[in-house]
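Peer 1: Please read through the structure below; I'll follow up with questions.
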Amino acid sequence: MAHPTRRRDFLRYLGLAGVGVALPGFERTAATQSGPRRPNVVVIFMDDMGYADPAVYGGAPGTTPNIDRLATQGMRFTNFYVAQAVCSASRAALLTGCYSNRVGVLGALGPNAATGLDPDEDTIADMLKRRGYACGIFGKWHLGDHQPYLPLQQGFDEYFGLPYSNDMWPVDYDGTPITPGQKRDPADTRQHRGYWPPLHLMEGNAQGPEIRDFSGQGSLTALYTARAVHFITAHKDEPFFLYLPHSMVHVPLGVSRRFRGKSGRGLFSDVMMEVDWSVGQVLDTLRRHGLEDDTVVIFTSDNGPWLNFGNHAGSAGPFREGKGTMWEGGCRVPAIVRWPRQVPAGTVCHRMAATIDILPTIAAITDAPLPARRIDGVNILPLLRGDQNANPRDVYWYYYGQTLTGVRQGPWKLQLPHEARTYEGHTPGWDGIPGTTGTLKVELGLYNLETDIGETINLVNEQPEIVRRLQAIAAAARADLGDTGEPGPGVRPPRKIAAKD
Numbered sequence: 007m008a009h010p011t012r013r014r015d016f017l018r019y020l021g022l023a024g025v026g027v028a029l030p031g032f033e034r035t036a037a038t039q040s041g042p043r044r045p046n047v048v049v050i051f052m053d054d055m056g057y058a059d060p061a062v063y064g065g066a067p068g069t070t071p072n073i074d075r076l077a078t079q080g081m082r083f084t085n086f087y088v089a090q091a092v093c094s095a096s097r098a099a100l101l102t103g104c105y106s107n108r109v110g111v112l113g114a115l116g117p118n119a120a121t122g123l124d125p126d127e128d129t130i131a132d133m134l135k136r137r138g139y140a141c142g143i144f145g146k147w148h149l150g151d152h153q154p155y156l157p158l159q160q161g162f163d164e165y166f167g168l169p170y171s172n173d174m175w176p177v178d179y180d181g182t183p184i185t186p187g188q189k190r191d192p193a194d195t196r197q198h199r200g201y202w203p204p205l206h207l208m209e210g211n212a213q214g215p216e217i218r219d220f221s222g223q224g225s226l227t228a229l230y231t232a233r234a235v236h237f238i239t240a241h242k243d244e245p246f247f248l249y250l251p252h253s254m255v256h257v258p259l260g261v262s263r264r265f266r267g268k269s270g271r272g273l274f275s276d277v278m279m280e281v282d283w284s285v286g287q288v289l290d291t292l293r294r295h296g297l298e299d300d301t302v303v304i305f306t307s308d309n310g311p312w313l314n315f316g317n318h319a320g321s322a323g324p325f326r327e328g329k330g331t332m333w334e335g336g337c338r339v340p341a342i343v344r345w346p347r348q349v350p351a352g353t354v355c356h357r358m359a360a361t362i363d364i365l366p367t368i369a370a371i372t373d374a375p376l377p378a379r380r381i382d383g384v385n386i387l388p389l390l391r392g393d394q395n396a397n398p399r400d401v402y403w404y405y406y407g408q409t410l411t412g413v414r415q416g417p418w419k420l421q422l423p424h425e426a427r428t429y430e431g432h433t434p435g436w437d438g439i440p441g442t443t444g445t446l447k448v449e450l451g452l453y454n455l456e457t458d459i460g461e462t463i464n465l466v467n468e469q470p471e472i473v474r475r476l477q478a479i480a481a482a483a484r485a486d487l488g489d490t491g492e493p494g495p496g497v498r499p500p501r502k503i504a505a506k507d
């Protein structure tokens, strides 16, 4: 097999030479104008991008012009949530319209996990495939790496990408390869990673080239983008669903030579510029084929920033904590929806919405029947169309794993007693080496998120009636999905793989 970091070999492997993909250093080809009868759907799902990373949300000026363009041409959300602030759980919720624990996907699944997203659960791809859509995913899957759980068994027609997180590989934080059973010098006090199996790209159900080093990591954004552009071009005359879940900006950060050093603000900003370039390539491809008005583009992130990676992590802005916590910094994310002539351009929505609402909203947009099994999402199309009186989501349950950590109704958030990761008071890492985290014993707390977005003023003693109302909402959540490690009657545990799989 050719060395995985050679771009020409990657292009040859992908079969994209001369296809008109605007990879750095490559020419575009001319496009024809055509449009499908039903709206196309594009979901761009970032990894570990914090609320304040895009410039339009307060990030570094000039680093995300294409994401900012999306916001100018569409609707930007300020109260948009993920179901859980961690990789696999968040992705399961996005694709099924369910709280993650309802479909039994918790945490971050590792290589050779015995479970994954149950194929009996309907995904957005399953739903749209029944409506005649071509469905493709190019990027990070992370919902089970055994064949029964891979995308081609979950409604997708095409899949290229990594089966799980890009840090699940046999390479240390500093880039040194790790071998099984490798012993460390006791005098070496640096943090080290444990051994993971080799990290391979996947083409459908088949294993592809290995990502062996930081150069290979730096190829991922361009590779995913190339396939996404090719998919749009190949299916421009029929309705399609494109799911583009980037591996970046998850560590280890990787960036192509074209973008390395371009921001002048360090590697993280370089990576932000490249994923923004990817967004621009998708938008430009839609425009070249005359598909802008016929395509709903949804941009969001799987959770907040992994703060203990310091200068290799993003920013949650005014919110408390980050990834792995259900404080606002972990679970409130940037979200933008563009649908010309349907979604008012340049608008901001302050109503509550979530990734679990994407499936039922797409169902409404495409006139697709909802899954037969119960889902938790609501249709937010009235919000997207600018209905100022609409409020489809008034309540949200905050789960992490199988623990109910809090509930929200309107501006009020009740934090329930639980133990949680904390970054506060810990020195962050630097240049890819992580810092430490701690454990926080969270006490009962009531916060008004309209006046105290940093969750610093506990009003539990001042507002007993509101506390009681939110505790009743928490009781309803427990009666359905359970709490403190005990699943409720509404949970649908995924089946485990048989030995032959």
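Residues in the sequence shown are numbered from 7 upward in steps of one, following my numbering. Note that CB positions come from ideal geometry on N, CA and C, so glycine has one too. Values in this document were obtained by computation on a predicted structure and should not be read as measured data.
Excluding the 5 residues preceding and the 5 following Ala66 in the sequence, name in chain order all residues of the same chain whose CB lies nearer than 8 Å to its CB.
Peer 2: Ser269, Arg271, Ser275, Met278
Peer 1: Hey, out of Ala120, Val413, Ala374, Met52, whose CA is closest to Ala480's CA?
Peer 2: It is Val413.
Peer 1: DSSP three-state call for Thr69: helix, strand or coil?
Peer 2: Residue state, collapsed to three classes: coil.
Peer 1: Three or more beta-carbon pairs under 8 Å between the region 376 to 383 and the region 329 to 340, yes or no?
Peer 2: no
Peer 1: For Phe155, does the three-state DSSP call read helix, strand or coil?
Peer 2: Here residue 155 turns out to be Tyr, not Phe, going by the sequence shown. Look at Tyr155 here: in three-state DSSP terms it is helix.
Peer 1: Could you pull out every unbroken beta strand (DSSP E) segment of at least 3 residues lying fully inside the region 121 to 195, listed in chain order?
Peer 2: Here the runs fully enclosed are 140 to 144, 164 to 167.
Peer 1: Distance, Cα to Cα, Phe83 vs Ile217?
Peer 2: 35 Å
Peer 1: Give a yes or no on whether the C-beta atoms belonging to Gln2 and Gln153 are separated by under 8 Å.
Peer 2: This structure cannot speak to residue 2, because the chain is shown only from 7 to 507.
Peer 1: Is it the case that the Cβ atoms of Asp400 and Gly416 are separated by a distance below 8 Å?
Peer 2: Yes. Within cutoff.
Peer 1: For the alpha helix (DSSP H) that contains Phe86, what are its first and last residues?
Peer 2: That residue, Phe86, is in no alpha helix (DSSP H); its beta strand (DSSP E) goes 81 to 87.
Peer 1: Just the C-alpha distance for Val281 and Glu468, rounded to the nearest angstrom, thanks.
Peer 2: 45 Å
Peer 1: Going by DSSP in three states, Gln477 sits in which element: helix, strand or coil?
Peer 2: helix
Peer 1: Which residues bound the beta strand (DSSP E) around Val413?
Peer 2: 409 to 415
Peer 1: Pop quiz: Leu168 and Leu205 are said to be a contact at Cβ under 8 Å. What is the actual Cβ separation, rounded to whole angstroms?
Peer 2: 7 Å
Peer 1: Have a look at Pro493 and Asp54 and give me their C-alpha separation to the nearest angstrom.
Peer 2: Cα to Cα, Pro493 sits roughly 27 Å from Asp54.
Peer 1: Check whether the region 348 to 358 and the region 67 to 86 are in contact - that is, three or more C-beta pairs closer than 8 Å.
Peer 2: yes
Peer 1: Quick one: Cα of Leu207 to Cα of Pro60, how far?
Peer 2: Between the alpha carbons of Leu207 and Pro60 lies a distance of about 28 Å.
Peer 1: Tell me whether the beta-carbon of Leu250 lies closer than 8 Å to the beta-carbon of Ala234.
Peer 2: yes
Peer 1: For Arg108, tell me which candidate among Lys502, Val497, Arg501 has the shortest Cα-Cα distance.
Peer 2: Val497
Peer 1: With distances taken Cα to Cα, identify the nearest neighbour of Val398 among Val47, Leu389, Tyr406.
Peer 2: Checking the sequence shown, residue 398 turns out to be Pro, not Val. If we check each option's Cα against that of Pro398, Leu389 comes out closest.
Peer 1: What do you get for His241, buried or exposed, if any count of 16 or more other CB atoms within 10 angstroms of its CB means buried?
Peer 2: buried
Peer 1: Measuring straight from C-alpha to C-alpha, what distance separates Ile50 and Pro340?
Peer 2: 12 Å
Peer 1: State buried or exposed for Tyr405, treating a residue as buried only when at least 16 other CB atoms are found within 10 Å of its CB.
Peer 2: buried
Peer 1: Does Ala505 come out as helix, strand or coil in the three-state DSSP assignment?
Peer 2: With a pLDDT of 49 at Ala505, under the threshold of 50, the predicted position of this residue should be treated as unreliable, though the coordinate-derived value follows. The answer is coil: DSSP assigns Ala505 none of H, G, I, E or B.
Peer 1: Can you confirm whether the region 421 to 432 touches the region 322 to 329 when touching is taken to mean that 3 or more C-beta pairs between the two stretches lie within less than 8 Å?
Peer 2: yes
Peer 1: Consult DSSP for Ile364 and reduce its assignment to one of helix, strand or coil.
Peer 2: helix
Peer 1: Tell me which residues share the same chain as Asn454 and place their Cβ nearer than 7 Å to its Cβ, disregarding the 5 neighbours each side in the sequence.
Peer 2: Pro417, Trp418, Leu465
Peer 1: Do Val88 and Ser96 come within 8 Å of each other at the CB atom, strictly closer than that value?
Peer 2: yes
Peer 1: For Cys104, I'd like the list of residues in its chain whose CB is within less than 6 Å of its CB, leaving aside the five on either flank, ordered along the chain.
Peer 2: Result list for Cys104: Ile381, Asp382, in chain order.
Peer 1: Classify Lys502: buried if its beta carbon has 16 or more other beta carbons within 10 angstroms, exposed otherwise.
Peer 2: exposed
Peer 1: Based on DSSP bridge pairs, tell me the residues matched to Pro434.
Peer 2: Its beta-bridge partners do not exist; DSSP assigns none.
Peer 1: Just to check my reading of the structure: Asp126 and Thr102 have Cβ atoms closer than 8 Å, yes? What is that Cβ distance to the nearest angstrom?
Peer 2: Actually they are not in contact, since the Cβ atoms of Asp126 and Thr102 sit about 11 Å apart, beyond 8 Å.
Peer 1: Within the continuous beta strand (DSSP E) that includes Arg427, where are the two ends?
Peer 2: 424 to 428
Peer 1: My parser needs the beta strand (DSSP E) runs of 3 or more residues fully inside the region 285 to 354; what are they?
Peer 2: 301 to 307, 341 to 344
Peer 1: Compare the Cα-Cα distances from Phe265 to each of Val48, Leu289, Ala228 and report the closest residue.
Peer 2: Ala228
Peer 1: With which residues is Val401 paired in a DSSP beta bridge?
Peer 2: Val401 pairs with Gln415.
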